[in-house]
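Engineer: As they're listed, the protein sequences go chains A and B. The working numbering runs 30 ahead of the 1-based position in the first sequence. The working numbering runs 156 ahead of the 1-based position in the second sequence.
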Amino acid sequence: MAKGFPYGGYIGQLLRVNLSNKGIVKEDLREDWARDFVGGVGLSARILYGELPAKTDPLGPENKLIMMTGPVNGTMIPAASRSSFCAKSPYTKSFFHSIFGGFLGPELKFAGYDGLIIEGKADKPVYIWIDDDTVEIRDAGHLWGKDPFTAEDILRKEIGDEEIHIATIGLAGEEKAPYAMILCDIRASGRGGMGAVMGSKNLKAIAIRGTGGVAVPNMLRVYNTAIKINELFATNPSVQGLSGYGTPRNVAAMNEGGILPTRNWQTETFKGMKNITAEAMKEQVVKGDRACFACSINCTKYSVVPRGPYKSIINGADYETIYAFGSLCEVDNIEVLCKADELCDYYGIDLISTGVSIGWAMECYEKGIFTKKDTDGIDLRFGNADGMLTMIEKIGKREGLGELLAKGTRDASKIVGRGTERFAIQNKGLEWPGHTCRPFPACAVGYATGPRGGSHHDIRPTAEKSGLVDRKVLEGKGAVAAEVNHWLILGDSMLICHLGEPIWGPLKISDSMINALNAVTGWELDYERARKIAEREWNMIRCFAAREGFTREDDRLPIRFMEEPVPEGPMQGSLITKETLERLKDDYFSYRGWDLKTGNPTKQKLSELGLDFAAKDIC
Amino acid sequence: MARVKVKSFSVIRDVLGSDIIEIDVNKPATVAGLFDELVRQYGQAFKEKIWDPNTGQIAPFLIKVNGSLIRSTSDMDHKIQNGDELAIIFPIGGG
């Protein structure tokens, strides 16, 4: 629409900033790529496949960091607040997408850009200031070494505009710590070390002010679509609890179901659960609700611990905080979890990888592999809340044992050896979120084959966890996982929030998702065409990994989940053996039309999807 | 008649008013009968937490009956007996 772009929702323009030569270029968004890859993650994958040679050093100036929006961002479509940072990950060594909510994505569009491609490396710390048409690379010497909150305060004052939106890295990003994150308004681009990529470019922050809008072909159609989706969110039983309790609404129910990861996944029932539920959180620390741009779900909670040793102010805690620092480390104090969340933001580290790395270290300590000599005198037993908080600080500062844990559990367990890799809860290097796969075969194959490894946003556990799909049946689970992949990746390309899962999915791309995309763009996609886009995107990302040398052999699960059954509770005895996983992978690859031996897309599949150019690299 | 205990969480617990309630289920003494009784006693406030008005179906979730899990989508005719303890494993969507 804008600047002659033929489709609604798009600005039609990308901003490319080269930090090495200070080049700032505004370039047209390719219409065919918008149609073939939509935006967000799909479009970023296509760009990076074309522009990054295989084996690019993720922390070298040749890597590129892309912040991309989708066509629905900046419109009134609910839950369309999100944006993506994509790059080759220093953590997982392949294409990575780290999605975040808040306001930054819409603001970039209001400034006049669908996406921002950052390349090269500045010779000294800088920040990028985008003020509609005016784009500057500014000195950030005075921000370097500052935590994200302080840096944001300084920037707001310096720029003289309280309403700018900012993405910032902390100390960990500056130090290129492997799982450094980018703080983005009230949310974070947490996973996969996107903050390290930003830090490797000497880029401290991106500040954006946009005063434009997003044009759509038929405002009434967008309005009616938004009204309908808001109604679905408001009345769907699975979405409703998010407004009142946020994502922690499931803590108590998951514990009752025997699927709350505990004690570094040695079990999945936590005896101290009662003190870290959404109900406890609401009673003790929550002071209000916050919503991302144009979202009616309102899942973010604003929490304050006003006094005492755990004094903190956070947007959260989310379920993943409660899992990673609560049940996983057996810490049953909600105030401690708020402090843990705040410390991760302060240092700019991914809280899931941080918590899981500490859980691994606690198990090492209790098994006698680590002693107080290794832990700098900390009695690092499960349940030691203060010890856990100290360890977060050590990771943030990369001090003592924190230096080892900042590498993540894959590398740390390789260094330590002594069988510790058997309880490193990661695959493809990424630590796991708080959603089990041991009783859930579709979820298991989704995690194993997912491009990021331990991400519950490449697969969703919900279908089997809710009983929508029978968890006890193996047959057909490859298809279930693939179709869940498809709604997730199309959502990540439109950039809508997965918490609207029952409406956007949950088993395949829904009419609501297609309606939202069609209303904004003016396209008239049917299910088959929408699915083909999603399949193309998923294959594009798989091609990126294949070109880096990843194969079927890399599609694994954490060893614990293949060898140690859940020891108690209603899921007692559940596990996914290696043999079962291989069978599930056969099923999944067959359904996808991928080569069973390599796990790569075949020439025929690539041709079907218009990805012939990748065949020479991987077939 | 079966007198059973029902445990619930989050928004459903808010409607039922307590972590665990005891309730009499007349005929049929099944999980479906239990949910009908809950709707009768707690009305629309309960129903809207469980039923999806857009599909007219009960939401998918697991129910724990004396330690074993059954599914709302397929096992609502599961028989219940006096003294049974049930838990509604919902809401449960990912974070």
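Every residue, glycine too, gets a C-beta built ideally from N, C-alpha and C.
Which residue's Cα is closest to the Cα of S604 (chain A): A:L614, A:K427, A:P108 and A:F591?
Structural biologist: Closest by alpha carbon: A:F591.
Engineer: Which word fits V503 (chain A), buried or exposed, when buried means at least 16 other C-beta atoms lie within 10 angstroms of its C-beta?
Structural biologist: By the 10 Å Cβ count, V503 (chain A) comes out exposed.
Engineer: Counting only Cβ-Cβ distances shorter than 9 angstroms, please list the residues of the stretch 614-631 of chain A near chain B, keeping chain order.
Structural biologist: Cβ contacts with chain B come from no residue of the stretch 614-631 of chain A.
Engineer: Looking at the C-beta of R308 (chain A), does it have a partner C-beta in chain B at a distance below 8 angstroms?
Structural biologist: For the sequence presented, residue 308 (chain A) should be read as Ala rather than Arg. Interface residue, yes.
Engineer: Would you list the residues sitting across from S111 (chain A) in a DSSP beta bridge?
Structural biologist: For S111 (chain A), which the question treats as bridged, DSSP gives no partner whatsoever.
Engineer: Enumerate in chain order the residues of its own chain whose CB-to-CB distance from E393 (chain A) is below 7 angstroms, with the five nearest sequence positions on each side excluded.
Structural biologist: Closer than 7 angstroms at the Cβ level, and outside the excluded window around E393 (chain A), lie N294 and F453.
Engineer: Report buried or exposed for P209 (chain B), applying the criterion of at least 16 other Cβ atoms within 10 angstroms of its Cβ.
Structural biologist: Its Cβ having fewer than 16 others within 10 Å, P209 (chain B) is exposed.
Engineer: Restricting to Cα atoms, I'd like to know which of A:N345, A:A549 and A:G476 is closest to K7 (chain A).
Structural biologist: The requested residue 7 (chain A) does not occur in the structure, where chain A is confined to residues 31 to 649.
Engineer: Relative to the alpha-carbon of F309 (chain A), which residue among B:S164, B:M232, B:A158 and B:I244 has its alpha-carbon at the smallest distance?
Structural biologist: According to the sequence provided, residue 309 (chain A) is Glu. The question's Phe does not apply to it. Of B:S164, B:M232, B:A158 and B:I244, the residue nearest in Cα terms is B:S164.
Engineer: Below 8 angstroms, can you find three or more Cβ-Cβ pairs linking the stretch 139-148 of chain A to the stretch 327-344 of chain A?
Structural biologist: The stretch 139-148 of chain A vs the stretch 327-344 of chain A: no contact.
Engineer: Would you say T265 (chain A) lies against chain B (beta-carbon separation less than 8 angstroms)?
Structural biologist: It does; some Cβ of chain B falls within 8 angstroms.
Engineer: Whose Cβ in chain A lies nearer than 8 angstroms to the Cβ of V167 (chain B)?
Structural biologist: Correct list: Q270, G271, G274, Y275 and R279.
Engineer: Please report the residue range of the alpha helix (DSSP H) in which L49 (chain A) lies.
Structural biologist: Careful: L49 (chain A) lies outside any alpha helix (DSSP H) and carries neither H nor E.
Engineer: Which whole-angstrom value describes the C-beta separation of G90 (chain A) and R112 (chain A), a residue pair presumed to lie in contact below a C-beta threshold of 8 angstroms?
Structural biologist: Incorrect: roughly 28 angstroms between the Cβ atoms, too far for contact.
Engineer: What three-state label does DSSP hand P588 (chain A) in the structure shown?
Structural biologist: Reduced to three states, the DSSP call for P588 (chain A) is coil.
Engineer: Is the CB-CB distance between E149 (chain A) and W159 (chain A) below 8 angstroms?
Structural biologist: No, Cβ-Cβ distance for E149 (chain A) and W159 (chain A) is not below 8 angstroms.
Engineer: Can you list, in chain order, the residues of its chain with a C-beta nearer than 6 angstroms to that of C348 (chain A)? Leave out the 5 residues immediately preceding and following it.
Structural biologist: It is worth fixing the name first, because residue 348 (chain A) is Asp in this sequence and not Cys. Result list for D348 (chain A): T277, in chain order.
Engineer: Quick one: list the residues of chain B neighbouring K495 (chain A), beta-carbon separation under 7 angstroms, in chain order.
Structural biologist: Neighbours of K495 (chain A) on chain B, chain order: I248.
Engineer: Can you pull the chain B residues whose beta carbon is under 8 angstroms from the beta carbon of E286 (chain A), in chain order?
Structural biologist: Residues of chain B passing the Cβ test: K163, F165, K220, A243 and I245.
Engineer: Starting from G223 (chain B), find everything on chain C with Cβ-Cβ shorter than 7 angstroms and list it in chain order.
Structural biologist: The structure shown contains no chain C; the protein chains it does contain are A and B.
Engineer: Whole angstroms is fine: what's the gap from A84 (chain A)'s alpha carbon to R577 (chain A)'s?
Structural biologist: A84 (chain A) and R577 (chain A): Cα-Cα distance of roughly 6 angstroms.
Engineer: Assign A201 (chain B) to one of two classes, buried (16 or more other C-beta atoms within 10 Å of its C-beta) or exposed (fewer than that).
Structural biologist: A201 (chain B) comes out exposed.
Engineer: What residues from the stretch 195-214 of chain B come within 8 angstroms of chain A, judged by C-beta to C-beta, listed N to C?
Structural biologist: The stretch 195-214 of chain B vs chain A, Cβ under 8 angstroms: E204, K205, I206, W207, D208, P209 and N210.
Engineer: Taking A117 (chain A) as the reference, which of A:Y557, A:F35 and A:P88 has the closest Cα?
Structural biologist: Per the Cα distances, A:P88.
Engineer: Just checking: is the beta-carbon of P216 (chain B) within a distance shorter than 8 angstroms of some beta-carbon in chain A?
Structural biologist: Cβ-Cβ to chain A under 8 angstroms: yes for P216 (chain B).
Engineer: Answer yes or no: do I539 (chain A) and N515 (chain A) have a C-beta to C-beta separation smaller than 8 angstroms?
Structural biologist: No, Cβ-Cβ distance for I539 (chain A) and N515 (chain A) is not below 8 angstroms.
Engineer: Assuming K495 (chain A) and I248 (chain B) are in contact, meaning their beta carbons sit under 8 angstroms apart, how far apart are those beta carbons, in whole angstroms?
Structural biologist: Correct: roughly 6 angstroms between the Cβ atoms.
Engineer: Between the stretch 580-591 of chain A and the stretch 601-617 of chain A, can you find at least three pairs of beta-carbon atoms closer than 8 angstroms?
Structural biologist: Yes: at least three Cβ pairs fall under 8 angstroms.
Engineer: Measuring alpha carbon to alpha carbon, tell me which residue in A:L498, A:M570, A:K507 and A:W534 is nearest Y477 (chain A).
Structural biologist: Looking at the Cα atoms, A:K507 is the closest of the given residues.
Engineer: From the beta carbon of G513 (chain A), is the nearest beta carbon of chain B less than 8 angstroms away?
Structural biologist: Sequence inspection shows Glu at residue 513 (chain A); the Gly mentioned does not correspond to that position. E513 (chain A) does not count as touching chain B.
Engineer: With burial defined as no fewer than 16 other Cβ atoms inside 10 Å of the residue's Cβ, what is the status of T105 (chain A): buried or exposed?
Structural biologist: It is buried - the Cβ of T105 (chain A) has at least 16 other Cβ atoms within 10 Å.
Engineer: Excluding the 5 residues flanking E182 (chain A) on each side, which residues of the same chain have their C-beta closer than 7 angstroms to its C-beta?
Structural biologist: Excluding positions up to five away in sequence, the list reads I196 and T198.
Engineer: Could you give the C-beta distance for I408 (chain A) and V446 (chain A), rounded to a whole number, given that I count them as a contact under 8 angstroms?
Structural biologist: Actually they do not touch by this definition, with Cβ atoms about 16 angstroms apart.
Engineer: Roughly how many angstroms lie between the CA atoms of T479 (chain A) and R622 (chain A), to the nearest whole one?
Structural biologist: Their Cα atoms are separated by approximately 12 angstroms.
Engineer: When we look at the beta-carbon of F246 (chain B) and count the other beta-carbons within 10 Å, is it buried (16 or more) or exposed?
Structural biologist: When all chains shown are included, F246 (chain B) counts as buried.
Engineer: So, is the C-beta of L520 (chain A) closer than 8 angstroms to a C-beta in chain B?
Structural biologist: Chain B, which has no Cβ nearer than 8 angstroms to the Cβ of L520 (chain A), makes this no.
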